[in-house]
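Residue numbers (the working numbering), protein chains in the order written: chain A, 601 to 883; chain B, 177 to 438; chain C, 389 to 735. For glycine and all other residues, C-beta sits at the position ideal for the given N, C-alpha and C. What follows is a set of notes on a single structure, which appears directly below.
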Amino acid sequence: MRDRGSAFLMAPALAWLAGLMVVPCALVLALAFFRRGLYGGIDWTFTLENLALVFDPLYGGILLNSARIAGLVALIAAVAGYAAAFAIVSRPRHWQPVLLFLAVLPFWSNYLIRTYAWIVLLNREGLIVQAARWLGRDGALPQMLYTEGAVIAGLVYAYLPFVILACYAPLSRLPRDLAEASRDLGGSGFTTFRRITLPLTLPGLAVGAVFVFVLSVGNFVTPALLGGGQFQMVGTLVYAQFLTAGDWPFGAALAMVLMAVMMLLLVAQTWVAERGTGGRRDA
Amino acid sequence: MPDSGAGRLVLLILAAVFAFLYVPIAVLVGLSFNASGLPTAWTGFSTRWYAALLQNGEILGAARNTLIVAAASTAIATLLGTALAVGVELRRRRSRGIEALIFAPMIIPDIVLAIALLSFFSLLRIPMGLHTIVMAHVVFNLAFVCAVVRARLKSFDWSIVEASSDLGASLVTTWVRVVLPVIAPAIVAGALLAFTLSVDEFIIAFFTAGAGRASITLPMQVYAMIRFGVTPEINALATLVMGASLVALALAQRLNRRTLGA
Amino acid sequence: MPPFRTLGAAATLVLGLGGSAAAQTLVISNWDGYMAPDAVATFTAQTGIPAELVLHATNEEIMGKLIASGGRGYDVVFVSSPFAEILNTLGLAEPLDHAKIPNLANLYPEARALEHDPGNVFSVPYAWGTTGLCYRADLVPEAPDSWADLLSPDEALRGRTTMLATDRWLLAAGLLARGWSVNETDPDKLAQVRDDLIAAKRTLLAYDDTTFYAKLVSGEAALVQAWDGWCNYAIAESDAVRYVIPKEGSDLWVDTMVILKQSANKEAAHAFVNWMLDADNHRWAAENILYKVPNAPAMAALDAELIEAFPNMGITPAELLSYEQLRDVGEAQRAYSRTVTEIMAAQ
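Structure below.
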């Protein structure tokens, strides 16, 4: 009875997900094994060319480079986000929800608008240059917009709240007396952090970092707007294959790789999480 | 923590992070009231860009489309997502497959879902427009609604339902009187979350939109404005959109403090 | 793919989306600001045909959408001539019914016999011009006169130049600089051009197809690769902006109007094309977009002051025809795309 009712309740939503997520994604996977038509469209002949192309030096290089950029973004966001979450947790209890809310708030405002804000800040006649001029440091600043640095800053900005949120939960659950006990036993602040705090909160940090990496590597908007079209990320490539180059099968193959990387990272993150709980048992 | 060096370091980190998060936003809000509209000089306080915004038919049309998409996808997703949440929690056994299916829309990269749906609609020759954006948005929205409602259901005591039916209440009465009041705040919070996500969503909408202005949403309009050259109205628009998100989020937060993590 | 189509038909029926998608409103896709702002409204007012304008940023973008939708959803699209050729090759372009476009007679004879479509079988030229250098005379050390001035700029201009990002025009700059055809397909030459353009990339501010003139006006950029008409936008806002066709030459680009075969409003689509070719309407377009139009009476009626203010408006059809037109390069497009990707990926 309960299970029948359950099936009845789940059916519409699961059907929706099956029809509009599973089937389309399977279709994209399938597309990766066909040839492109000369001007776009699909020539229904089986081929492994597209997958091979993903690993050719040109595209493989773009993949590696975007992994490098996304890795840097994830690293910076992880460090800054963890520090921020740590700082929030060490404020008095009644302040924490407010601070967390404020930290996450920008995440909910329009992504494009937040990216645009960086154009206003960074461009050659932008606010940072204006400020420098006002301080009499005219000409001291290098080109900022349309650089890799701008892309990284924009991505960190976009996804930082995510890490803060992911790190806050485990940090706030951390019993305070644990840290105090460690100190009483003679552990230095850093030892306490390294041996107790970090292992216990690593899963949250890993979730945050993985998501930032995946979101960054698949992003095409920020490289386009803040990179001046000079930086190729996996997301940019996929976007181009579908909307400008008309090479859907290759775009599909790239998307497949993106999914595979994401799955690998999720598995790795689960592994870290399990090690984290192992640490808890030891502690 | 006493006001030691560490305490000061904590404050410094907080100040730096919040400055990083809020300076760009503050700049846009400030500019939206700048008479000249340019970032190069402050020429006095003015609301002229808001007035211009309200007369910009393209932006208003896009805003209308966004509201249609968000309202429709939120309505469908709230219905499906709530039913799904109750259904999953009702089940005695957990199914890994179902869990994965529900989790997937939240983690699948936008660009992948976007191209998958584009290929799907295009190869099936399904004409694209606002309705296809709605269909796409329901996919991730229902997953989020489901997650929020499930969090609330986790602490729900199913024996109450059984007790209620033992006492002779009909199934419908039991649900309306017993279960719904418990999960109602979560449903509303989930719906608000879904609405906010839908209003801001750009990539999937961009790929699944049809031809013509009829299916241009606000984020697509903003993207076009940034690419084709920006008018100062965009700052006013940004301020309004952020204000609206703030209100929606604060509301959701109040309704469902626990499930949203704060 | 018959199974797909059956499935699609079924899905469409189930979802209740059948049929009505083709509204009676004429859907026109054009670049932003490439028509008088009131053009569509005026057309509707004069003909009673409801119409709406959609924008695309680049040829590639609208082509992507057209190929994805099988040419559905649009009635008239504005694309550059190589892309009009592709639409024709793919069978997406409707053969034009000249009886419904009497204003074709207004076109210059040269514009009726363009290489890509002699006799205007599937496309009607809307605007044409050259690609060259647009610069701020007050910010460049000396006036540029060669593609080399863009590709290996003066030290003072490092980080202050932009180039067009779309495959054909980006490569055209490199090809022209070496004195080669803008439709060159020789792999060795393309490799050479790739290396030149990678070297040039290190000196660029950005690749930009849509806002380069704004960067010029604000002073962010000092020298940009530009279509002549788009340089005029900058000239309109700044006295210091000049346009020059480099001594190695330019391409002749032709932006055209194409009616889609899948259009459900072909009568109205022809009416729109004809309306646009009307001498007054086409002149009004030229005055608004500051691009040359291939319409003899329209150009003759242009204000002389306009040509004085924007000298490139005065380039004659004969001079335009002295440049090579961009053509669809067919199979070699793959090599073009790859070359451009290689340039974009280079650090």
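- Proximity of C/Lys-453 to chain B, defined by a Cβ-Cβ separation below 9 Å, is satisfied.
- Closest by C-alpha distance to C/Met-732, out of A/Phe-707, A/Leu-702, A/Val-861 and A/Thr-836, is A/Thr-836.
- Residue pairing for C/Cys-522: DSSP places it in a beta bridge opposite C/Val-612 and C/Tyr-631.
- Only exposed fits B/Ala-426, as fewer than 16 other CB atoms lie within 10 angstroms of its CB.
- Residue pairing by DSSP places C/Val-512 opposite C/Met-645 in a beta bridge.
- Around the beta carbon of A/Pro-823, 16 or more other beta carbons sit within 10 angstroms, so the residue counts as buried.
- Look at C/Trp-568 here: in three-state DSSP terms it is coil, with no helix or strand label.
- By the rule that beta-carbons nearer than 9 Å mark a contact, A/Asn-723 touches chain C.
- Not a single CB atom of chain B sits nearer than 9 Å to the CB of C/Asp-716.
- Taking one beta carbon from each stretch, the region 709-722 of chain A and the region 374-393 of chain B have 3 or more pairs nearer than 8 Å; the two touch.
- With at least 16 other beta carbons inside 10 angstroms of its own, B/Ser-249 counts as buried.
- Distance from B/Ile-274 to B/Val-325 at the Cβ level is roughly 15 Å; contact not present, criterion being Cβ atoms closer than 8 Å.
- Just so you know, the alpha carbons of C/Gln-434 and A/Trp-734 end up roughly 54 Å apart.
- Taking all protein chains shown into account, C/Glu-482 has 16 or more neighbouring C-beta atoms within 10 Å of its C-beta and is therefore buried.
- For B/Val-199, the enclosing alpha helix (DSSP H) starts and ends at 181-208.
- In the displayed model, C/Met-551 falls within a strand according to three-state DSSP.
- Closest in alpha carbon position to C/Gln-613, among C/Leu-708, C/Arg-715 and C/Met-551, is C/Met-551.
- Around C/Glu-719, the beta-carbon contacts reaching into chain A at under 9 Å are Leu-638.
- A/Arg-635 sits in a strand when the DSSP states are folded into three classes.
- C-alpha of C/Glu-440 to C-alpha of B/Val-314: approximately 29 Å in a straight line.
- C/Lys-488 and C/His-670 do not touch by the CB rule: their CB atoms are close to 17 Å apart, not below 8 Å.
- Close to chain C, meaning a Cβ-Cβ distance shorter than 7 Å, are the following residues of the region 743-772 of chain A: Gln-743 and Tyr-746.
- Annotation: B/Ala-385 to C/Arg-590 spans about 36 Å, alpha carbon to alpha carbon.
- Taking a beta-carbon distance threshold of 9 Å, A/Tyr-711 does not count as an interface residue toward chain C.
- Contiguous alpha helix (DSSP H) elements confined to the region 283-316 of chain B occur at 286-299, taking only those with 4 or more residues.
- Residue pairing by DSSP places A/Asp-643 opposite A/Arg-635 in a beta bridge.
- A Cβ-Cβ separation of about 5 Å places A/Ile-662 in contact with A/Gln-832 under the 8 Å criterion.
- One Cα belongs to C/Asn-653, the other to C/Leu-414, and the distance between them is close to 7 Å.
- C/Gly-452 is classed as buried because its beta carbon has at least 16 other beta carbons within 10 Å across all chains shown.
- Separation of the CB atoms of A/Gly-846 and C/Ile-455 is rounded to 6 Å, and the pair is thereby assigned contact status at 8 Å.
- Around the beta carbon of A/Asp-643, a 10 Å sphere encloses fewer than 16 other beta carbons of the protein chains shown; the residue is thus reported as exposed.
- Per DSSP, C/Leu-690 lies in no beta strand (DSSP E) segment and is marked neither H nor E.
- Apart from sequence neighbours up to five positions away, no residue of its chain approaches C/Ile-703 with a beta-carbon distance below 6 Å.
- B/Ile-402 sits away from B/Ile-392, with the two beta carbons spaced by 9 Å or more.
- When Cβ-Cβ separations below 9 Å define contact, A/Asn-665 makes contact with chain C.
- DSSP places B/Phe-221 in no beta strand (DSSP E); its state is neither H nor E.
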